[in-house]
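Numbering (our numbering), first residue to last: 393 to 468. Take a look at the structure below.
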Amino acid sequence: MSARERGDDALAADPFSWQVTRAGVVRILRGGREVVVVGGPRAERLRAQLDRASEQEAQQLLARATGNYRRGNERR
Numbered sequence: 393m394s395a396r397e398r399g400d401d402a403l404a405a406d407p408f409s410w411q412v413t414r415a416g417v418v419r420i421l422r423g424g425r426e427v428v429v430v431g432g433p434r435a436e437r438l439r440a441q442l443d444r445a446s447e448q449e450a451q452q453l454l455a456r457a458t459g460n461y462r463r464g465n466e467r468r
């Protein structure tokens, strides 16, 4: 199993969720806890990408936005 497949499995088991506030800020949550808040132009870009993405692609985008994106070289 590749590192990418392991990362996809982890995202499926414990997915991110997100909320867009009235101010246009994107709140990214995981396990019911806020992980990161993205604002400004970065939030606009992320919202546009999330609108076009499948659920799996959205999870990858959210993982990248949080910095919680496995590269396959971390120890377990």
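Backbone N, C-alpha and C fix where the C-beta goes; we use that ideal spot for every residue, glycine too. From a predicted model like this one, the values you see are computed outputs, not experimental measurements.
query	result
Top-ranked residue by Cα proximity to R434, from F408, L454 and A405	L454
Residue range of the unbroken alpha helix (DSSP H) whose run includes R437	G432 to R444
Between the CA atoms of V430 and A457 - distance to the nearest angstrom	8 Å
R422 and F408 closer than 8 Å at C-beta	yes
Simplified DSSP assignment, three categories, for R456	helix
Residues near V417 by beta carbon distance below 8 Å, same chain, minus five either side	V429, V430, G431 and A435
Residues of its chain near A450, where Cβ-Cβ distance is below 7 Å and the 5 sequence neighbours each way are ignored	L442
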